[in-house]
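Below is one structure, written out as structure tokens, with a few remarks after it.
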Amino acid sequence: MGFTIREFVEIFRLILGYILGIQFGYGVLILLLGRIMINYFAVTIEENPSNLIQKVINIFMISTIGSGYYIYKKVVHYNWFLRKIFFAIALFVQGVLSIVIYQIIYRSMKAVFL
Numbered sequence: 001m002g003f004t005i006r007e008f009v010e011i012f013r014l015i016l017g018y019i020l021g022i023q024f025g026y027g028v029l030i031l032l033l034g035r036i037m038i039n040y041f042a043v044t045i046e047e048n049p050s051n052l053i054q055k056v057i058n059i060f061m062i063s064t065i066g067s068g069y070y071i072y073k074k075v076v077h078y079n080w081f082l083r084k085i086f087f088a089i090a091l092f093v094q095g096v097l098s099i100v101i102y103q104i105i106y107r108s109m110k111a112v113f114l
């Protein structure tokens, strides 16, 4: 009993939507809670991973919630108000790009496989 192509495309669509949604949601949490969420992310990431487990954890964390952290690091040198404005603009752009990327990938997979 295996997956059909239709089921695979549906599972991939859900995983892609979850990853893009989680990236955006964590970015919103960073916008609202600031340093609390940044410190949480910084604690979970190893700067120089020494073994496979640390590398896997780094890859997982960066791929699921890493974009908000890296956007925040780009705007951290501005004052509080400008940082929030720039980060909100970046989140809006990320949200629009996430929707566009989702639609492009899903529709192309649907056209090729279904």
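The sequence shown begins at 1 in the working numbering and counts up by one.
For every residue, glycine included, the Cβ atom is placed at its ideal position computed from N, Cα and C.
None of the values given here were measured: they were computed from a predicted structure.
Taking each of 18, 6, 67 in turn and checking the Cα distance to residue 90, the smallest one comes out for 67. Spanning the alpha carbons of residue 40 and residue 73 requires a straight line of approximately 14 angstroms. Two segments are said to touch when three or more pairs of C-beta atoms, one from each, lie closer than 8 angstroms; by this definition the stretch 53-60 does not touch the stretch 75-83. Secondary structure within the stretch 21-52: the alpha helix (DSSP H) runs of 4 or more consecutive residues, fully enclosed, are 35-44 (chain order). Per DSSP, the continuous alpha helix (DSSP H) segment holding residue 100 begins and ends at 80-113.
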